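Notes follow the structure.
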Amino acid sequence: MTEREWDASRYDSAHSFVWERGRGVVDLLAPKPGERILDLGCGTGHLTDQIAESGAEVVGIDSSEDMVRVASENFPHLRFEVADARSLPFECEFDAVFSNAVLHWVRPPEAVVDSVRRALRPGGRFVAEFGGENNIRAIMTAVGEALYRLEQDGTEVYRPNKYFPPLDEYVSLLESRDFRVANSAHFERPTPLDGGEEGMRRWLRMFGWDYLSPLSPSQREEVVAYVEKATRPTLYTNGTWTADYWRIRFEAFKPE
Ligand code: BEZ
10 MTEREWDASR
20 YDSAHSFVWE
30 RGRGVVDLLA
40 PKPGERILDL
50 GCGTGHLTDQ
60 IAESGAEVVG
70 IDSSEDMVRV
80 ASENFPHLRF
90 EVADARSLPF
100 ECEFDAVFSN
110 AVLHWVRPPE
120 AVVDSVRRAL
130 RPGGRFVAEF
140 GGENNIRAIM
150 TAVGEALYRL
160 EQDGTEVYRP
170 NKYFPPLDEY
180 VSLLESRDFR
190 VANSAHFERP
200 TPLDGGEEGM
210 RRWLRMFGWD
220 YLSPLSPSQR
230 EEVVAYVEKA
240 TRPTLYTNGT
250 WTADYWRIRF
260 EAFKPE
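In my numbering, the protein residues as written are 10 to 265.
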């Protein structure tokens with residue numbers, strides 16, 4: 010394994026489950042014709058397009074230039090911009106901010122919540138889903154063990170540091186930043202990965218690049234092989250790998 014897999018075209022073709030699984034969050038958003046909606050962390054734009062089909066006016070933003078380029082190629086009639094979720098360049102502009110599978114990537118979460126609140130008009134809603142407590146625990150435990158083994162041999166490793174909060178912690182965070190939380194849930198959402206036997210290694214190459222990239226190609230292969238071996242008994246069945254996702258999903262309102 011020598012190649013980086015974090016590229017938007019691969020994301021689009023080999024990890025489509027991310028946006029396909031996000032359709033339920035669009036249902037919770039329930040966009041209406043004429044509404045102005047921000048898709049925060051739009052990736053390659055598929056959910057932005059689904060929201061636009063309702064007749065809403067949507068802007069998709071992503072921190073990755075590559076993602077924004079592919080989103081613009083996929084959906085040239087829609088507006089996409091590169092922006093940081095912690096410092097959105099919008100003030101009281103949107104009826105709703107939507108986000109799928111993104112908030113666990115961005116720290117500090119307080120900065121994201123404040124930035125979303127600024128972007129919303131009074132009475133606007135924030136509807137999102139992301140990884141909550143227990144998310145990918147089996148995978149991350151195996152990754153941690155594999156990195157520990159390398160460390161024992163003197164390798165300097167980078168440890169993943171995602172934000173998977175308990176539900177009550179995240180609801181308190183929203184409330185402390187002046188959102189009213191209308192509904193919220195924390196639930197297990199086992200997610201079959203694309204790619205058959207290759208599914209886990211493809212997922213690791215795509216989403217684990219932060220800790221894999223500092224390693225040599227043979228060390229990367231060692232980590233991937235270790236994770237496959239350790240998680241196979243629980244996460245691989247009948248030719249398909251399933252990631253042990255747990256989600257937080259919520260709808261919260263900025264006061265009038
Ligand atoms: C997710 O829960 O969507 C996720 C978390 C970490 C890495 C990749 C995906």
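Just so you know, even glycine gets a beta-carbon here, dropped at the ideal spot from N, CA and C.
In this text the structure is predicted, and so the values were computed from the model without any measurement.
Segment limits, beta strand (DSSP E) that includes residue i
i	result
residue 104	103-109
residue 131	129-140
residue 250	249-252
8 Å CB neighbourhood of residue i in its chain, flanking five on each side removed
i	result
residue 170	116
residue 131	101, 263, 264 and 265
residue 254	140, 144, 145, 197, 198, 199 and 200
Presumed contact (8 Å Cβ cut-off) between residue i and residue j, rounded CB distance
i	j	result
residue 211	residue 217	The pair is not a contact, with the Cβ atoms about 10 Å apart (cut-off 8 Å).
residue 124	residue 88	About 19 Å; that fails the 8 Å criterion.
residue 173	residue 154	Their Cβ separation, rounded to whole angstroms, is 18 Å, which puts residue 173 and residue 154 out of contact at 8 Å.
residue 151	residue 61	Actually they are not in contact, since the Cβ atoms of residue 151 and residue 61 sit about 39 Å apart, beyond 8 Å.
residue 70	residue 49	6 Å
Same chain, Cβ closer than 7 Å to residue i, five either side skipped, listed in chain order
i	result
residue 79	17, 18, 21 and 53
residue 56	28, 31, 35, 48 and 109
Same chain, Cβ closer than 6 Å to residue i, five either side skipped, listed in chain order
i	result
residue 84	54 and 58
residue 261	135, 183, 188 and 190
residue 9	Any answer about residue 9 is impossible in this case: the structure gives the chain only from 10 up to 265.
residue 44	65 and 104
Per DSSP, the bridge partner or partners of residue i
i	result
residue 193	259
residue 88	68
residue 201	251
Residue range of the alpha helix (DSSP H) that includes residue i
i	result
residue 47	Taken as a continuous stretch (DSSP letters only), residue 47 belongs to no alpha helix (DSSP H), being part of the beta strand (DSSP E) at 45-49.
residue 239	226-244
residue 208	208-216
residue 148	146-161
residue 164	Residue 164 -> no alpha helix (DSSP H), and no H or E assigned at all.
residue 172	First-last for residue 172: undefined, no H or E at that position.
Anything with a beta carbon under 6 Å from a heavy atom of the ligand BEZ counts; list them all in chain order.
110, 113, 140, 144, 145, 171, 216 and 254
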